[in-house]
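Written out below as structure tokens is the structure these notes cover.
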Amino acid sequence: MRFDSSYLIYLLIALIVPMLAQGYLSSTFNQYLRVRASSGLTGADVARRILDRNGLQHVHLTEVGGRLSDHYDPSRKTVRLSRDIYHGTSIAALAVAAHECGHAIQHANAYAPLQFRSAMFPVVNFANKFGYLAILLGFIFGGSSFLLLGIILVGVTVLFQIVTLPVEFNASTRAVAQLSEMNILYGNEEKAGARKVLTAAALTYVAGAVVAIAELLRLIMIFNSRNND
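Throughout the sequence shown, residue numbering follows our numbering, covering 436 to 664 in sequence.
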């Protein structure tokens, strides 16, 4: 039996890259969750101030269960913050709250990558449901058409993850700018801490994209190998 080195490379990427990114996020988030911001404001306070400053008084702000479950819901125009962020006064809490408001600002400003990403949702949902099913059918019945269809659908999900990267990095840039312009963070240390938290969070998306690209390349290699046999 021939040893497939490409599978080993993919396996290492799939296991190690997300683990490193998640570990860095956890350690960085926990570190700055213990550092209280000088302003004494909570994440909810900061979110409301940023939203109002940008003319987004109509955007709702609510608390949501879970840890690191913070997100902006464009369909309901609602920023949802987890308990640690909503009530927290730490550097991490303010940074995450500002980041989610960054998404709300993107939405209000019709930020192109966010619009493109939102438009992809129906297609991505379909691709997630049927991409690997098509690949499985291709392996079972030996048909290259099913396999090719599956690879195309997986490629759509990979594109979605790639498009997510500028959306997340831009939201973080907006967050730091808002926190600085509104004098919510004092001194270089607090600003640096906020940047570290947001960078760590963004790296988890980078890790996800890297793994997805590696998986897509592996599927393409399998497809080419089967066609050449």
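Beta carbons: idealized from backbone N, C-alpha and C, even for Gly.
Check your understanding: What are the start and end residues of the beta strand (DSSP E) that includes His522?
Key -> That residue, His522, is in no beta strand (DSSP E); it is neither H nor E in DSSP.
Point to revise | Element boundaries [beta strand (DSSP E), containing Leu491] | key: Annotation: Leu491 is outside any beta strand (DSSP E) and is labelled neither H nor E by DSSP.
Practice item. Say whether chain B places a C-beta atom closer than 7 Å to the C-beta of Ala528. Key: Absent from the structure: chain B. Only one protein chain is present.
Exercise for review: Sort out for me which residues DSSP pairs Thr507 with in a bridge.
Suggested key: The amino acid at residue 507 is misidentified as Thr; the sequence shows Tyr. Per DSSP, Val514.
Point to revise | Cβ contact check for the region 510-524 and the region 561-573: 3 or more pairs under 8 Å | key: These segments do not touch.
**Study point:** Cβ distance (whole Å) where Leu496 is taken to contact Ala479 below 8 Å
**Key:** Contact annotation, Leu496 with Ala479: C-beta distance approximately 6 Å; criterion of less than 8 Å satisfied.
Point to revise | Beta-carbon spacing of Ala533, Gln466 below 7 Å | key: Not a contact, by the Cβ cut-off of 7 Å.
**Study point:** Simplified DSSP state of Tyr497, which is helix, strand or coil
**Key:** Position check: residue 497 holds Thr in this sequence, whereas Tyr was assumed. Strand, per DSSP.
**Study point:** Proximity below 7 Å, CB of Ile520 to CB of Ala528
**Key:** Their beta carbons are under 7 Å apart, which means Ile520 touches Ala528 by this criterion.
**Study point:** Spatially closest choice to Pro548 from Phe574, Ser579 and Asn605, by CA coordinates
**Key:** Cα-wise, what sits closest to Pro548 is Asn605.
Check your understanding: Do Ala644 and Gln596 have their C-beta atoms closer together than 7 Å?
Key -> With contacts defined as CB atoms closer than 7 Å, Ala644 and Gln596 qualify as a contacting pair.
**Study point:** Rounded straight-line distance, which links the Cα of His522 to that of Gly501
**Key:** If I take the Cα positions, the gap works out to 13 Å.
**Study point:** C-alpha gap between Arg469 and Leu491, whole angstroms
**Key:** Using only the alpha carbons, I get a separation of about 30 Å.
Check your understanding: Counting along the chain, where does the alpha helix (DSSP H) carrying Asn465 start and finish?
Key -> Unbroken alpha helix (DSSP H) run through Asn465: Ser440 to Leu468.
Check your understanding: Hey, Ser607 and Leu633: beta-carbon distance below 7 Å or not?
Key -> Yes, the pair counts as a contact, with Cβ atoms nearer than the cut-off.
Practice item. Say whether the region 441-454 touches the region 644-653, bearing in mind that this needs 3 or more beta-carbon pairs closer than 8 Å, one atom from each stretch. Key: When Cβ pairs closer than 8 Å are counted between the two stretches, the region 441-454 is seen to touch the region 644-653, the count reaching three or more.
**Study point:** DSSP beta-bridge partners of Arg661
**Key:** Note: Arg661 is not bridge-paired with any residue in the DSSP secondary-structure output.
Practice item. Have a look at Thr477 and Ser525 and give me their C-alpha separation to the nearest angstrom. Key: Approximately 8 Å between the Cα atoms of the pair.
Check your understanding: Can you give the Cα-Cα distance for Gly590 and Gly475, rounded to whole angstroms?
Key -> Between Gly590 and Gly475, the C-alpha separation is close to 45 Å.
Practice item. Throw me the rounded Cβ distance for the Leu582 and Phe658 pair, which I believe falls under 8 Å. Key: The Cβ separation is near 5 Å, so the contact holds.
Practice item. Could you tell me if His538 is buried or exposed, where buried requires 16 or more neighbouring beta carbons within 10 angstroms of its beta carbon? Key: Classification for His538: buried.
**Study point:** Alpha-carbon to alpha-carbon, Gly585 and Met436
**Key:** Annotation note: pLDDT 42 at Met436 (below 50); position unreliable, no value reported.
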